[in-house]
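Asker: One structure, as structure tokens, below. Some questions next.
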Amino acid sequence: MPKNWLEPDWPAPTDIHAATTLRWGGVSTGVYASLNPATHVGDALAHVQQNRVLIKQSLALPAEPVWLEQIHGNTVLQAEQVIGLTTADASFTQQAQVVCAVLTADCLPVLFCSADGQTIAAAHAGWRGLLAGILSNTLTAMQTKDVLIWLGPAIGPKCFEVGAEVRAAFVQKNPDFAAAFSAYRTGHY
3 MPKNWLEPDW PAPTDIHAAT TLRWGGVSTG VYASLNPATH VGDALAHVQQ NRVLIKQSLA
63 LPAEPVWLEQ IHGNTVLQAE QVIGLTTADA SFTQQAQVVC AVLTADCLPV LFCSADGQTI
123 AAAHAGWRGL LAGILSNTLT AMQTKDVLIW LGPAIGPKCF EVGAEVRAAF VQKNPDFAAA
183 FSAYRTGHY
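The sequence shown begins at 3 in my numbering and counts up by one.
Written as structure tokens, this is what we have:
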């Protein structure tokens with residue numbers, strides 16, 4: 003079977019393995035076809051569990067990924083302390099053989115690795131989480147200075163618009179953020 007994931011093009015140490023899966027290669031059907039690893043969208047739990055097994059096998063993961071219940075917030079957890087399904091939008095670890103994971107569709111997956119490879123993290127970055135500081139919180143939790151960051155695939159401005167209220171929220175936080183918004187039509191960015 004052809005590879006159903008993308009690997010970051012970044013200068014991480016060779017013992018750091020990172021990927022983002024693509025949508026095909028799994029068992030889910032209908033609107034969830036095919037490789038859906040998310041339990042919160044209404045897909046059959048048996049399909050999600052089988053898809054997660056396929057992900058672990060195809061990526062040759064050393065352990066079960068630490069899955070989070072993501073809520074578009076700014077909470078970052080130490081991965082090895084997560085028990086069961088825990089609410090957070092990022093996890094980090096300084097332990098070998100621990101797999102940090104986030105689920106994304108339209109949102110941005112952001113992967114972090116300290117330059118020495120001793121600390122890794124994964125963050126789910128939707129606009130609400132970005133505004134709330136999920137990325138800065140992840141960097142703070144990692145407690146390291148030299149960090150490599152990979153921005154994974156996400157929906158872009160040609161396929162998704164935000165309203166004036168989203169722009170206003172960012173600009174209120176920092177006026178310099180206005181430069182990140184292009185008006186496509188009145189009140190839509």
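Note that beta-carbon positions come from the ideal geometry of N, C-alpha and C, so glycine has one too. Just so it is clear, the structure is predicted and the values come from calculations on it, not from any experiment.
Considering only their Cβ atoms, is the gap separating Thr-140 from Val-78 smaller than 9 Å?
Answerer: In the sequence shown, the residue the question calls residue 78 occupies position 76. In the sequence shown, the residue the question calls residue 140 occupies position 138. Taking 9 Å as the Cβ cut-off, Val-78 and Thr-140 qualify as a contacting pair.
Asker: Put His-126 into one of helix, strand or coil per three-state DSSP.
Answerer: Within the sequence shown, numbered from 1, the residue matching residue 126 stands at position 124. Looking at His-126 - three-state DSSP - the assignment turns out to be strand.
Asker: Should the region 151 to 163 be regarded as contacting the region 43 to 51, the criterion being three or more beta carbon pairs within less than 8 Å?
Answerer: Counting Cβ pairs under 8 Å, fewer than three are found: no touch.
Asker: Taking the alpha helix (DSSP H) that Phe-172 falls in, what are its first and last residues?
Answerer: Looking up residue 172 in the sequence shown gives position 170. That run of the alpha helix (DSSP H) goes 166 to 175.
Asker: For the alpha helix (DSSP H) that Gln-51 lies in, which residues bound it at each end?
Answerer: Here residue 51 corresponds to residue number 49 of the sequence shown, with the count starting at 1. Taken as a continuous stretch (DSSP letters only), the alpha helix (DSSP H) holding Gln-51 covers 47 to 60.
Asker: Which residues in the same chain have their Cβ closer than 6 Å to the Cβ of Gly-128, if we skip the five residues on either side of it in sequence?
Answerer: Translated into the one-based positions of the sequence shown, residue 128 becomes position 126. The answer, listed in chain order, is His-74, Cys-109.
Asker: Thr-95 lies in the beta strand (DSSP E); which residues open and close that run?
Answerer: Locating residue 95 in the sequence shown gives position 93, where the first residue counts as 1. Where Thr-95 is concerned, the enclosing beta strand (DSSP E) stretches over 92 to 95.
Asker: From Gln-174 to Ala-181, what does the alpha carbon distance come to, in whole angstroms?
Answerer: Within the sequence shown, the letter at position 172 stands for residue 174. Within the sequence shown, the letter at position 179 stands for residue 181. About 13 Å.
Asker: On the criterion of 16 or more Cβ atoms from any shown chain inside 10 Å, does His-42 qualify as buried, or is it exposed?
Answerer: Here residue 42 corresponds to residue number 40 of the sequence shown, with the count starting at 1. Exposed, by the Cβ-count rule.
Asker: Can you tell me which of Gly-135, Gln-120, Glu-163, Asn-6 puts its alpha carbon nearest to the alpha carbon of Arg-187?
Answerer: For the purposes of this step, residue 187 is taken as the residue at position 185 of the sequence shown. It is Glu-163.
Asker: Label Asp-118 either buried or exposed according to how many other C-beta atoms from any shown protein chain fall within 10 Å of its C-beta, with 16 as the threshold for buried.
Answerer: Within the sequence shown, residue 118 is the residue found at index 116, counting from 1. Label assigned to Asp-118: exposed.
Asker: Would you tell me roughly how many angstroms separate the C-alpha atoms of Glu-66 and Gly-189, rounded to the nearest one?
Answerer: Position 64 of the sequence shown, counting from 1, holds the residue named residue 66. Position 187 of the sequence shown, counting from 1, holds the residue named residue 189. Answer to the nearest angstrom: the Cα atoms are 44 Å apart.
Asker: If we ignore side chains and look at the alpha-carbon of each, how far apart do Leu-37 and Trp-69 end up?
Answerer: On the sequence shown, position 35 is the one that residue 37 refers to. On the sequence shown, position 67 is the one that residue 69 refers to. Between Leu-37 and Trp-69, the C-alpha separation is close to 15 Å.
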